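**Q** So that we are looking at the same thing, I have put the structure below in structure tokens.
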Ligand SMILES: Nc1ncnc2c1ncn2[C@@H]1O[C@H](COP(=O)(O)OP(=O)(O)OP(=O)(O)O)[C@@H](O)[C@H]1O
Ligand SMILES: Nc1ncnc2c1ncn2[C@@H]1O[C@H](COP(=O)(O)OP(=O)(O)OP(=O)(O)O)[C@@H](O)[C@H]1O
Ligand SMILES: [Mg+2]
Ligand SMILES: [Mg+2]
């Protein structure tokens, strides 16, 4: 048994007190520190990805149902935001939960497929879901604008508080607070689930499905619920994405996105809420940071025609691939574990000798 | 008063293999009933039939007066049936307490919404059940192992955790499949002791499969012997042990202690 | 002369304390040696060190040496299997989606093709229960039947040194006797056996010498005959009427 | 008077942004477009820069033809540039439109959506896909078609595919013709036999096709196998020089036209711009193969230069200044490389109505010979956006 | 009237390419139990290498093909040795993720070496055709079919008649237990990857040859073959071929019929048809056409 599993246990424990304080300070201060820069926007994307990753981690990390189908639910959420918020003109506090509900319903529809399938075959059904989703998104023009895509301009105000314009802050700053606020809420909710009866049942299903039934767990119900909740969270992330970017088209909800989400939870830490968030931040920032680094290397050219051994893009992709493999090989428990191991030598889990 | 568990004419085959054939027996309330027999005789299969893991081709199984056939696996816990597995059925990444706590699953109510929002009632329920778990952990002496994923623990400990999880289900009928296989003498003795305590304290009816005859003799009230799926003897342990058919099929000439 | 000797062997698993701490013992040519000890004493670890599987469990040798056939035992497991070391792993480990016969053939992977047929015959003679199940997936067998496959698979390579990790696990008393017979048989043919067992009575009855480990150290070694009568051993490992403890 | 410093202008250098697919399947187009920009601005810089004194610097980012990435790259660059000399792709440009409005940023889109014509934040160049299709189709009707032509479409299911088909439908309507069959294909199609059989069974005499070169090769290959030989009119991006060496070249020469614009590669007689272009390539990028996408970039850069010059003339390089320059800009002459664009006030903008129909000829430098050059059909003049 | 036989033949030829690709997936799956997404990258690399041997080095096609297959096979085996060997004990989906990462890297290699421009394979097939049952068929498609059939035969013998084949299945089943039998998983895995690389290259060449061009898009075609593998059952070479051909035929037929028969199902239905088939099929036969059920026991 690898020590990755210890991580799964440790990661589920509450972080110590100094951590929340630090996070709160970052939450408030970062938009000011980053000013109106590009990096602030990347942080908003990272936040949106974090929400999606928290959802996926519940399904894949905690319930053991590997899904590449996340883009489908993200996309559905974005279009739901467009329909509810823009076409129907509903307010923020309706279109956002509404998108979540749509995701919930779709997840509940897809969930039953997972009941019959395991392992690689389940992965493949979710893989097919991405393509089926693309087909629906490119053909259902009334909702999605067809292959050409659609604009999404929706209100983000709860009563008098407008998240697009908080005390004169810029749109990006406001979105940072909004998105990361929702990250916090989702993290809290999912954390609670994981550490209670239903969450334990999910993990039981992951570890040993048959035995789970013998302790009285309704496996079908639980799996479908896991799909539905994870999809609901994904749809919320998708809705926020649509609202922030203001335009979406079907090609975005592709397989690569699904793979990226899996990468997030693997790199961050499987089955831990913090892991999903850390992974999302890393995977979102990585290409941009690497672009900064790669661009200043001597043998690298911005594009192929400029000579140089290799283009920035190619190098970027290669580094990206290499880093993922590196994380997999070197930090199999994910960064969450590496971080908690580094930070928490004091509160190391008790281990028999 | 009728027996807690009544098995009548149960049979099941897999392809050409007849794993159980015309098996009938009663298990009285609060007794310890043992099943023995050569490898592949159908003991685990019998357990599987009792716990809805397999559906027998023929026969009836009644528990507390109602039929167990057609019952869904997940409802067994609620009906008061718990089991352990020959190959261990622990949740590998969870620690001892979480494994045992999962035994409380069907006794608890909390759903996703309640869990997510942590209503006070949910917290209370969680605390109460964690209390029960602590008692069991204490009873089995599992304290030192908390916090370690069960897969990383020693075999003997893992067997105890699995027993603890079954106990947490507060079953009326407890099925134990080879509880002391792979345990050393000391651990075997401890397991025997624990089983006695369980019987004394909770009046649990126990159905048990084991190859360790010494262990069985001291515990069992009645013993059923299977061979190739067929019952060849049923009776008190002392009698069964002397039965020439049993000696020929199962025990062999000399009995290792 | 010793076929196998462990000299002051220490093993540490990654991030854990020493699992073996200066262990030395010998398996003479053509002998059955029992390796006993409570759970967690390091028996499996010792077998892994001999078979070269330690690295798969995040373990490495940290000291001492192992000699086999007069030479230091190094190299990968495959090399050691080819040199005649076969093993029954802890926990059966049959290939669940291979048929019984395929499982056995895997055991003969390093053996010349010509020997496979007679190897199969021997295994089926030892475990007649398996004959009717040759084409069935090993994963469908009962626990004890799987253990038979595991033991049979190890015998398939026609080993010079057979490592057995709890071969009696889950087996009916009769089958245990059969296996005991089989071990004596291959011993008579000139092979040596290193036997790890919880069933100390059986192990001491079968073996000529024994070594008892406790928390990674050798506690007692000696001829099995003597150990059987040693009061300390009797109390700790043999104990009469196990169930009567209460 | 000294020009005021603004984001993207430090008093000496004018910085322009480029967002283009430098990777992924569309890089084959994005790379030459970007090269076109580079060559043009190297030449401008060599001549002293815009207005003779302001050197131009390009900041290039890759969008892999994905909108999310485009938005991110746009945001990364927007505070460092005066305007964007290129943003590649229709859907990617749509993705940043809302921000262009708030930021008052001007972008030259490297795509031909007709919607661009009336957008005050966009500086398009060249004829639209609609016009190119209209002219090519009209040319076919006027030359090859019989009285009752069976016309069909095989188009990609995206804005690129739909744009050209709109032009075909427009002409068909004007001339009272029916579209006999309209079949779609997609980026990941590999075979096309199903579609071809449909077209064949509909008896198509002309098939308008929007696709990309590897797919065109397969489409005509399978048509050859099926013995299906209509007049294919392919939209401009379906062409690539590599097709000349492919086994389908015979079929291409016989049956395929390209709905494009400008002149034959190397034809300096009809187009002074071509001489200029070839000289610039020789000077700055001798290994550049003949490529229409390069020409697009080159022309975009020329239009952007005209706009920035106007802004400099107004003495205002701020975003408002650039938008104002765009709104008050004159016609830009592309030396016959493409049709002249009438810029200026947004409602009066008029994209070129002229375009060119090419046939395939393996003897020509780029494999294309013009069948009818720089002409406008009556329908093209009528087409309204 | 749409000619049905023609469509079937076209489906066969498309399907035979899918079949070849699918065989590569099966190969790695059989030895390692993972779905190897890097297959597409190998395919693309193989096609570019063959193209380079032909156009750059001037060798003839029939020499370039085995050379490229060998080279791609070696690259694949090298990947196994450097990366996947280290992931032996990791959970399957971590490894799947790693194959995806490798795909990302692999895709960049031919692009860096040869650029994004489209290239001609300059193979001897070109547009050569023969007439079978009065249907014109490209010779290259016949070759592809022959290669697929040949590969299946070879693999079937390999898996069920050779020790290496047995060792491969054992390793996939329980790597450590396999080691304990004296099997070298490294060798087994490297062999599997090597063969998969060769198959990928073969598929890439057939896909980039004839009337097609060699382009970076090739790597995505591999993804279209995945439904074929699943349909056939991940572990069955025969299934891969049957699945590939079924998918090919389904795709071509749908392309021909769906727009007229069921336009309301959306444009380009033929592209999702394989995925609908995959999902529908898995509902009734979760282990695929020829796959074996997992031998789960309580
Ligand atoms: N799912 C199944 N498919 C095929 N055969 C099965 C299946 N389950 C059990 N069997 C067969 O039924 C017979 C009885 O198996 P069972 O596991 O009940 O034996 P057991 O008495 O528990 O033996 P052991 O003491 O070895 O555990 C065996 O021959 C086994 O191979
Ligand atoms: N993979 C591992 N990683 C870390 N520690 C391990 C590992 N395997 C075994 N250990 C530890 O090494 C010690 C010796 O274990 P070993 O399995 O060798 O004991 P054993 O004598 O075979 O016990 P058993 O009778 O339970 O099989 C134990 O403390 C065990 O926890
Ligand atoms: Mg059993
Ligand atoms: Mg052990």
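Protein chains in written order, with our numbering: chain A, 200 to 552; chain B, 245 to 501; chain C, 11 to 256; chain D, 239 to 623; chain E, 102 to 399. Using N, Cα and C, we set each Cβ at its ideal position, and we do this for glycine too. From a predicted model like this one, the values you see are computed outputs, not experimental measurements.
CB-CB under 6 Å to residue 296 of chain E, same chain, minus the five flanking residues each way: which ones, in chain order?
**A** Same-chain partners within the cutoff: 128.
**Q** Relative to the C-alpha of residue 120 of chain C, which residue among C/96, C/24, C/209, C/222 is closest?
**A** Per the Cα distances, C/96.
**Q** Are there any heavy atoms of ligand 4 lying less than 7 Å away from the beta-carbon of residue 224 of chain C, as far as the coordinates show?
**A** No, since every heavy atom of ligand 4 falls outside the 7 Å radius drawn around the Cβ of residue 224 of chain C.
**Q** Checking 8 Å against the spacing of the C-beta atoms, do residue 217 of chain C and residue 205 of chain C come in under that value?
**A** For residue 217 of chain C and residue 205 of chain C, yes; Cβs fall inside 8 Å.
**Q** Just curious, the beta strand (DSSP E) that residue 78 of chain C is in, first and last residue?
**A** Per DSSP, residue 78 of chain C belongs to the beta strand (DSSP E) from 69 to 78.
**Q** My guess is that residue 250 of chain A and residue 435 of chain A are in contact by the Cβ rule of under 8 Å, so how many angstroms apart are they, rounded?
**A** So it is a contact: roughly 6 Å between Cβ atoms.
**Q** For residue 31 of chain C, which of C/226, C/246, C/241 has the nearest alpha-carbon?
**A** If we check each option's Cα against that of residue 31 of chain C, C/226 comes out closest.
**Q** Helix, strand or coil for residue 373 of chain D per DSSP?
**A** Of the three classes helix, strand and coil, the one that applies to residue 373 of chain D here is helix, per DSSP.
**Q** Mind checking residue 301 of chain D: buried by the 16 CB within 10 Å criterion, or exposed?
**A** So residue 301 of chain D counts as buried.
**Q** What does the alpha-carbon distance come out to for the pair residue 260 of chain A and residue 275 of chain E?
**A** About 23 Å.
**Q** Mind checking the stretch 95 to 115 of chain C against chain E and listing, in chain order, the residues whose C-beta falls within less than 7 Å of any C-beta there?
**A** Of all residues in the stretch 95 to 115 of chain C, 97, 99, 103, 105, 106, 107, 108, 112, 115 have a Cβ within less than 7 Å of some Cβ in chain E.
**Q** Is residue 22 of chain C helix, strand or coil when you go by DSSP?
**A** Note: residue 22 of chain C maps to strand in three-state DSSP.
**Q** In angstroms with no decimal places, state the Cα-to-Cα distance between residue 366 of chain B and residue 358 of chain B.
**A** C-alpha separation (whole angstroms): 6 Å.
**Q** Tell me which residues of the stretch 241 to 256 of chain A have at least one Cβ-Cβ distance to chain D shorter than 8 Å, keeping chain order.
**A** Flagged, chain order: 241, 244.
**Q** Quick one, what's near ligand 1 if you take every residue whose CB is closer than 6 Å to any heavy atom, in chain order?
**A** Selection output, chain order preserved: B/258, B/261, B/263, B/281, B/283, B/284, B/285, B/286, B/287, B/288, B/289, B/330, C/150, C/151, C/152, C/153, C/154, C/155, C/180, E/398.
**Q** Would you say the beta carbon of residue 104 of chain C is closer than 7 Å to some non-hydrogen atom of ligand 3?
**A** No, the Cβ of residue 104 of chain C stays beyond 7 Å of every heavy atom of ligand 3.
**Q** For residue 454 of chain A and residue 268 of chain A, what's the separation of their Cα atoms in angstroms?
**A** One C-alpha to the other measures close to 8 Å.
**Q** For ligand 3, is there any heavy atom lying closer than 7 Å to the beta carbon of residue 453 of chain B?
**A** Yes, the beta carbon of residue 453 of chain B sits closer than 7 Å to at least one heavy atom of ligand 3.
**Q** Going by DSSP, which residues form a beta bridge with residue 237 of chain E?
**A** Bridge partners of residue 237 of chain E: E/232.
**Q** Name, please, each residue of chain A whose Cβ falls closer than 8 Å to the Cβ of residue 219 of chain D.
**A** Here chain D covers residues 239 to 623 and nothing more, so residue 219 of chain D does not appear.
**Q** I'd like to know whether the C-beta atoms of residue 350 of chain E and residue 109 of chain E end up nearer to each other than 8 Å.
**A** Yes; because the gap between Cβ atoms is below 8 Å, this pair is in contact.
**Q** Residue 340 of chain E CB to nearest chain A CB: under 8 Å?
**A** Residue 340 of chain E does not count as touching chain A.
**Q** Taking 8 Å as the CB-CB limit, is residue 332 of chain E close to chain D?
**A** It does not; no Cβ of chain D falls within 8 Å.
**Q** So with Cβ pairs under 8 Å, would you call residue 398 of chain B a contact of chain C?
**A** Yes, residue 398 of chain B lies at the interface with chain C (some Cβ there is under 8 Å from its Cβ).
**Q** Which residues mark the beginning and the end of the alpha helix (DSSP H) in which residue 36 of chain C is found?
**A** Run containing residue 36 of chain C: none in the alpha helix (DSSP H); it sits in the beta strand (DSSP E), 28 to 38.
**Q** Using a Cβ-Cβ cut-off of 8 Å, state whether residue 190 of chain E counts as contacting chain C.
**A** Taking Cβ atoms only, chain C reaches closer than 8 Å to residue 190 of chain E, which makes this a yes.
**Q** Tell me whether residue 483 of chain B, by its Cβ, gets closer than 7 Å to a heavy atom of ligand 4.
**A** No, the beta carbon of residue 483 of chain B sits no closer than 7 Å to any heavy atom of ligand 4.
**Q** Name the two residues that bound the continuous beta strand (DSSP E) containing residue 450 of chain B.
**A** Here the beta strand (DSSP E) through residue 450 of chain B covers 449 to 453.
**Q** Assuming residue 348 of chain D is part of the beta strand (DSSP E), what are its boundary residues?
**A** Its beta strand (DSSP E) spans residues 345 to 348.
**Q** Cutting at 7 Å between CB atoms, please list the residues of its own chain near residue 234 of chain C, excluding the five before and the five after it.
**A** Excluding sequence neighbours, residue 234 of chain C sits near 44, 214, 217, 218, 219, 220.
**Q** Determine the burial state of residue 292 of chain A: buried for a count of at least 16 other Cβ atoms within 10 Å of its Cβ, exposed for fewer.
**A** Exposed: under 16 other Cβ atoms inside 10 Å.
**Q** Could you tell me which uninterrupted alpha helix (DSSP H) segments, each at least 4 residues in length, are contained entirely in the stretch 162 to 249 of chain E, listed from first to last along the chain?
**A** 162 to 183, 193 to 215, all fully within the stretch 162 to 249 of chain E.
**Q** Interface residues of chain B around residue 402 of chain A at Cβ under 9 Å?
**A** Per Cβ cutoff of 9 Å: 335, 337, 338, 342, 346.
**Q** In chain order, what residues place their C-beta within less than 7 Å of a heavy atom belonging to ligand 4?
**A** In chain order, the qualifying residues are C/53, C/54, C/100, C/175, C/176, C/206.
**Q** Below 8 Å, how does it come out for the stretch 378 to 385 of chain B and the stretch 404 to 415 of chain B: are there three or more Cβ pairs, yes or no?
**A** Enough Cβ pairs lie closer than 8 Å, so yes.
**Q** Going by C-alpha distance, which of A/509, A/479, A/519 is nearest residue 489 of chain A?
**A** Out of A/509, A/479, A/519, A/519 has the C-alpha closest to the C-alpha of residue 489 of chain A.
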